[in-house]
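Everything in the sequence shown is counted per my numbering, starting at 595 for the first residue and increasing by one.
In what follows, a single structure is set out as structure tokens and then discussed.
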Amino acid sequence: MDASDQKPRRVQRKRTKGWRLPVGVNGQKAIIVTRGTKWGNPFAAAKLGSNGAAKSAFQMWLQGQIWPEFRPELRAWMLENLPTLRGRDLCCFCGADEYCHADVLLQKANEVPNAQ
Numbered sequence: 595m596d597a598s599d600q601k602p603r604r605v606q607r608k609r610t611k612g613w614r615l616p617v618g619v620n621g622q623k624a625i626i627v628t629r630g631t632k633w634g635n636p637f638a639a640a641k642l643g644s645n646g647a648a649k650s651a652f653q654m655w656l657q658g659q660i661w662p663e664f665r666p667e668l669r670a671w672m673l674e675n676l677p678t679l680r681g682r683d684l685c686c687f688c689g690a691d692e693y694c695h696a697d698v699l700l701q702k703a704n705e706v707p708n709a710q
């Protein structure tokens, strides 16, 4: 399988000494989507009770199913810029076995048709 056959994936960001952002499936570095970035999930797991609840809230909010009045400018920015994530690995602190909003971003970004 060559790099063009590989799908973008979620990479776990680490705080350990010497850790570096990995090169993604397309030869570019993964994009960081943690809470400190514009791509971060505005719904905190600590406030909602779990990563799963935060991921679900993020997914429904991004799709416009809940709380349209909550940070509409951020939602509009994310939807407009989803194509920039297409084909790129995404990096978040959530563990590989945890629910994560990066999974939602990966799915939505890679549904976007190529702009040409």
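Quick reminder that beta carbons are idealized off the backbone N, C-alpha and C, glycines included.
{"Check": "Three CB pairs or more closer than 8 Å across the region 656-669 and the region 615-624", "Outcome": "no"}
{"Check": "Unbroken stretches of the alpha helix (DSSP H), 4 residues or longer, contained in the region 626-653", "Outcome": "639-642"}
{"Check": "Inter-residue spacing [alpha-carbon to alpha-carbon] between R604 and E667", "Outcome": "25 Å"}
{"Check": "Residues bridged to Q606 [DSSP beta-bridge criterion]", "Outcome": "C686"}
{"Check": "Span separating the alpha-carbon of C688 from that of A696", "Outcome": "9 Å"}
{"Check": "Cross-strand partners of V617 (DSSP beta bridge)", "Outcome": "K623"}
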